[in-house]
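Below is one structure, written out as structure tokens; comments come after it.
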Amino acid sequence: MMQASLRRIWGLVYRHLCLYRRSWPRLAELAYWPVLQMCIWGFTASFISGQQFTHGTAGHGLLLVASTMLGGVLLWEVTIRSQMGVAISFLEEIWSRNLGHIFISPLRPWELLAGLIVVAFLRVMAGVLPAILVAYLLYAFNLFALGPVLVLFFANLMIMGWAFALAVVSLILRHGAGAEALAWSLLFGLTPLAAVYYPVSTLPVWLQPISEIIPATHVFEGMRAVLRNGHVSSIHLLAAFGLNAVWLLLASLLFASQFRAARSRGALITIGE
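All residue numbers for the sequence shown refer to this note's numbering, where the first residue is 126 and numbers rise by one.
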């Protein structure tokens, strides 16, 4: 049974890999936005850190600000690419009118999600690793200097991206093509609240509790603690994993309900028309 499931999952993954194998524009698009973001924010960080020489500002503080900015850009791209990887791979099935054909086969909904998550992971690696290389070559910022905890940061951010992607897919199943734009825009709305570039304490007091229930907030607070004093905050890591478990559970329940509803009304075949 498990071997058959793995074969079906691999078949879906291979179908998406074939889309990229002979299409250099698709491959280039994976790294384009992460690298562009790194260039923009990297030069901004270089300007900020360089102010110590022209205005006599405390150098260590500005360098720390620049480092946290670069780290925030790179890690936030993990969440965004993870979310878009699942959502856009699902949209590929809609655009090609293939969604109904998939579920004529023995493919189960969870196998579809597993395949999309594998594709999303590959997309994250193809998009973020070039940006990490650019950060090192242009700005001498080594994200891997964070140490082994970086793996846990990556895992939390990818899981959050998957949860958001399930919510987006659920909205597409419910509202059809009108919700497709959310695949690109929904997660960006959380950027001001996720403490990507600044600590939670910067936010107004009434917004801070909202920020605290976002898993990424605890990742970025943990990243700043590592960059500031080399200390890995187990509290932030546990909070991130706990919140991700809740988010992923809620998103999975939402997807399951919307998938059943879409199948009942025949939307799996007509969606996107």
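Every residue gets a Cβ at the ideal spot worked out from N, C-alpha and C, and that includes glycine.
As the crow flies, the alpha-carbon of R388 is around 48 Å from that of Y261.
Annotation for H226: the continuous alpha helix (DSSP H) segment containing it runs 224-227.
Judged by DSSP in its simplified three-state form, V357 adopts coil rather than helix or strand. Between the alpha carbons of R206 and L247 lies a distance of about 10 Å. Taking each of V198, R132, L241, L263 in turn and checking the Cα distance to V253, the smallest one comes out for V198.
Below 8 Å, too few C-beta pairs join the region 303-320 and the region 146-159 to call them touching: fewer than three. By the CB criterion at 7 Å, V249 and V203 fall inside the cutoff. In the three-state reduction of the DSSP assignment, A376 falls in the helix class, which pools H, G and I. Taken through DSSP and simplified to helix, strand or coil, S221 comes out as coil.
By the criterion of a C-beta distance shorter than 8 Å, L318 is surrounded in its chain by L328, L332, I335, S336, I339, T342, once the five residues flanking it on both sides are discounted.
Out of S214, E236, I257, the CA that lies nearest to the CA of L195 is found in I257.
Contact check for L271 against V321 fails: the beta carbons are separated by 7 Å or more. When C-alpha distances from I394 are compared across L137, H226, P234, the shortest belongs to H226. DSSP places P273 in the coil class of the three-state scheme, outside both helix and strand. For A129, the CB contacts under 8 Å within the same chain, skipping 5 residues up- and downstream, are P231 in chain order.
When only Cα atoms are considered, R132 and V244 end up about 15 Å apart.
Around the Cβ of N369, a 10 Å sphere holds 16 or more other Cβ atoms; the residue is buried.
According to the DSSP assignment, R132 belongs to the alpha helix (DSSP H) that extends over 127-146. The same chain holds no residue with a CB closer than 6 Å to that of R222 once the five nearest residues on each side in sequence are set aside. Using a Cβ distance threshold of 7 Å, L188 and S174 count as a contacting pair.
DSSP places W149 in the helix class (H, G or I) of the three-state scheme. Within its own chain, the residues whose Cβ lies closer than 7 Å to the Cβ of F269, once the five positions on either side in sequence are excluded, are L275, listed in chain order.
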